[in-house]
Amino acid sequence: MNSRPLAPALYVFGDSLFDSGNNNLLPTLAKADFLPYGMNFDRGPTGRFTNGKTVVDFIAEFLGFPYSPPYLSLNQILLHPEQLTGLNFASGACGILPDTGNDLGRCLNFPEQIDFFETAIEEELPRHYLNSDDLSNHLAKSVYVISVGSNDYINNYLDKKHYDTSKRFSPQSFAKLLIDNLSQQLRRMYYLGARKVIMFEIGPIGCIPSSTGQFKHNGRCVEEFNEFAVMFNDHLAPMLVNLTSNLQGSSFVLGHAHWLGYDAVTHPSKYDLSDSMNACCVTWLNGTSGCIPELGALACHDPDKHYFWDGYHLTETVYRTIASLCFNGSSVCIPKNIKDLVLQV
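Taking my numbering, the leading residue of the sequence shown gets 2, the next gets one more, and so forth.
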């Protein structure tokens with residue numbers, strides 16, 4: 002970690018790609034607080050849906066922070082007077098729409114995460130700052146990272162057993178619905194004080210083992226599902242440009258990682274991976290599920306060589322690549338990387 006952090010704090014929102022333990026405290030099937038999750042993480046299983054660190058853990062390290070703690074576990078910690086360097090509101094299985102993921106139990110949807118953020122600003126953060134100007138300055142200079150939207154497909158639009166959304170919306174109109182709802186919440190974040198926001202695209206959901214193991218496809222991926230993700234992403238980029246030009250002093254950065262995911266799946270050796278098809282952790286369900294001990298979960302011995310950790314999530318090594326390219330590079334986070342974003346006045 003840096004001796005002096007590059008920003009005041011890192012606030013995290015989204016789904017299981019970023020969840021660091023909120024779902025441990027919720028009644029849901031979407032949990033990861035048991036081995037082999039966390040098998041390569043120094044604290045063991047914490048509720049992170051991977052073998053080690055997530056993208057936002059690496060971003061925290063690069064910024065010089067401890068990892069942003071899960072908000073729901075924090076009531077006791079917030080009472081302490083030491084400086085707060087971020088919070089993580091992300092919740093596995095949830096999405097932009099309120100009912101996404103509900104069939105798995107309780108999770109914090111994106112609007113609810115912003116509600117909790119608002120509560121933190123009103124009730125918890127003020128005790129760390131002398132006055133409202135100090136707090137506003139803290140919020141304006143902090144970094145906000147979001148990954149949300151893929152569950153609105155995986156745990157909603159494509160889950161025809163539990164949801165009728167695909168009957169009610171064409172793929173294009175569903176993408177538009179998600180983007181309109183997302184835009185509304187990003188504006189809320191701005192009015193609460195956020196200025197430096199990175200919003201990640203939806204990855205190639207047609208390539209995850211959960212998709213390829215359960216649906217017919219030619220080639221490596223279920224391209225129809227990838228096309229849904231691309232429709233969303235095609236709306237996302239101009240929406241973020243629009244917010245940046247309309248909301249004074251804001252920078253909404255695109256986490257342009259869909260191409261990287263697809264490239265790594267189709268050309269694994271470029272990324273020093275030997276397997277970009279199969280989950281490292283497999284169960285009786287042939288690697289199409291989460292890494293659940295009751296389903297006979299067995300982790301591979303070389304997760305660093307795998308792209309996929311389980312049926313839905315990626316390995317620490319892939320998350321490291323995404324985070325470092327977003328932090329230092331020019332091909333993932335656009336129009337500016339995180340290093341440039343934090344330097345911006």
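Ideal Cβ placement from N, Cα and C applies to all residues, glycine included.
Q. Is D16 helix, strand or coil when you go by DSSP?
A. Against the sequence shown, residue 16 aligns to sequence position 15. If DSSP states are grouped into helix, strand and coil, D16 belongs with coil.
Q | Contact set for I293: own chain, Cβ-Cβ below 7 Å, skip 5 residues either direction | A | Position 292 of the sequence shown holds residue 293. Annotation for I293: T284 place their beta carbon closer than 7 Å to its own, counting only its chain and skipping 5 residues before and after.
Q) Quick one: any contact between the segment 128 to 140 and the segment 27 to 47, if contact means 3 or more CB pairs under 8 Å? A) No, the segment 128 to 140 does not touch the segment 27 to 47.
Q) Straight-line CA distance for R5 to P112? A) Locating residue 5 in the sequence shown gives position 4, counting from the first residue. Locating residue 112 in the sequence shown gives position 111, counting from the first residue. About 33 Å.
Q | DSSP beta-bridge partners of N89 | A | Residue 89 sits at position 88 when you count from the first residue of the sequence shown. For N89, which the question treats as bridged, DSSP gives the partners V13, P71.
**Q.** F216 (DSSP reduced to helix, strand or coil)
**A.** Here residue 216 refers to the residue found at position 215 of the sequence shown. Here F216 sits in coil by DSSP.
Q | Separation of M190 from F253, as counted between CA atoms | A | As a working note, residue 253 is residue 252 in the sequence shown. As a working note, residue 190 is residue 189 in the sequence shown. Put simply, the backbone Cα of F253 is about 11 Å away from that of M190.
Q.
Taking the beta carbon of L344 as the centre, do at least 16 other beta carbons fall within 10 Å, making it buried, or is it exposed?
A. Locating residue 344 in the sequence shown gives position 343, counting from the first residue. With fewer than 16 Cβ atoms within 10 Å of its Cβ, L344 is classed as exposed.
Q. Based on the DSSP secondary-structure assignment, which residues constitute the bridge partners of K197?
A. Translated into the one-based positions of the sequence shown, residue 197 becomes position 196. Partner(s): V144, S252.
Q) For the candidate residues N329, A31, E224, E124, whose alpha-carbon lies nearest to that of N156? A) Along the sequence shown, read from residue 1 onward, the residue named residue 156 stands at position 155. If we check each option's Cα against that of N156, A31 comes out closest.
Q) Hey, G276 and H314: beta-carbon distance below 7 Å or not? A) In the sequence shown, counting from the first residue as 1, residue 276 sits at position 275. In the sequence shown, counting from the first residue as 1, residue 314 sits at position 313. Checking the sequence shown, residue 276 turns out to be Asp, not Gly. Not in contact: D276 and H314 (Cβ atoms no closer than 7 Å).
**Q.** Under the three-state DSSP convention, the category L286 falls into
**A.** Counted from its first residue, the sequence shown places residue 286 at position 285. The answer is coil: DSSP assigns L286 none of H, G, I, E or B.
**Q.** Whole-angstrom C-beta distance between I122 and G194, which should lie under 8 Å
**A.** Within the sequence shown, residue 194 is the residue found at index 193, counting from 1. Within the sequence shown, residue 122 is the residue found at index 121, counting from 1. Approximately 7 Å separates the beta-carbon atoms of G194 and I122; this is inside 8 Å, confirming the contact.
Q) In the structure shown, what three-state DSSP assignment does L159 receive? A) Position 158 of the sequence shown, counted from the start, is the residue given in the question as residue 159. In the structure shown, L159 sits in coil (DSSP, three-state: anything other than H, G, I, E or B).
Q | Residue range of the alpha helix (DSSP H) that includes S167 | A | Translated into the one-based positions of the sequence shown, residue 167 becomes position 166. Segment 166 to 169, the alpha helix (DSSP H) holding S167.
Q. So the beta strand (DSSP E) D276 belongs to, where does it begin and stop?
A. Translated into positions along the sequence shown, residue 276 becomes position 275. D276 -> beta strand (DSSP E) spans 276 to 280.
Q | Candidates Q249, H218, G220, H259: closest to L237 by CA position | A | Residue numbering aside, residue 237 sits at position 236 when the sequence shown is read from its first letter. Per the Cα distances, H259.
Q: Indicate whether G93 and F50 have their beta-carbon atoms separated by less than 7 Å.
A: On the sequence shown, position 92 is the one that residue 93 refers to. On the sequence shown, position 49 is the one that residue 50 refers to. Against a cut-off of 7 Å, the Cβ pair of F50 and G93 comes out as a contact.
Q. What is the DSSP secondary structure of A33, counted as helix, strand or coil?
A. Position 32 of the sequence shown, counted from the start, is the residue given in the question as residue 33. Note: A33 maps to coil in three-state DSSP.
Q) For the segment 225 to 233 against the segment 328 to 337, are there 3 or more C-beta pairs whose distance is under 8 Å? A) no
Q. F309 lies in the alpha helix (DSSP H); which residues open and close that run?
A. Mapped onto the sequence shown, residue 309 falls at position 308. No alpha helix (DSSP H) contains F309, which is instead part of the beta strand (DSSP E) from 307 to 309.
Q | Neighbour-count burial assignment, N132, 16 or more Cβ in a 10 Å radius | A | The sequence position of residue 132 within the sequence shown is 131, counting from 1. Classification of N132: exposed, given that the 10 Å Cβ count is below 16.
**Q.** Residues bridged to I1 (per DSSP)
**A.** An answer regarding residue 1 cannot be provided, because it is not within the stretch 2 to 346 covered by the chain.
Q | Neighbourhood of H139 by C-beta distance below 6 Å, restricted to the same chain and skipping five residues each side | A | Position 138 of the sequence shown, counted from the start, is the residue given in the question as residue 139. Same-chain partners within the cutoff: P9.
(Q) So N1 and P37 are supposed to be a Cβ contact under 8 Å. How far apart are they, rounded? (A) With the chain running from 2 to 346 in the structure shown, residue 1 is simply not present.
Q | Nearest candidate by alpha-carbon position, reference I60, set L105, E317, M40 | A | What you label residue 60 is simply residue 59 of the sequence shown in a count that begins at 1. The candidate whose alpha carbon is nearest that of I60 is E317.
Q.
Am I right that F42 and N89 are in contact with their C-beta atoms under 8 Å? What's the rounded C-beta distance?
A. Start at 1 with the first residue of the sequence shown, and residue 42 comes out as number 41. Start at 1 with the first residue of the sequence shown, and residue 89 comes out as number 88. Actually they do not touch by this definition, with Cβ atoms about 15 Å apart.
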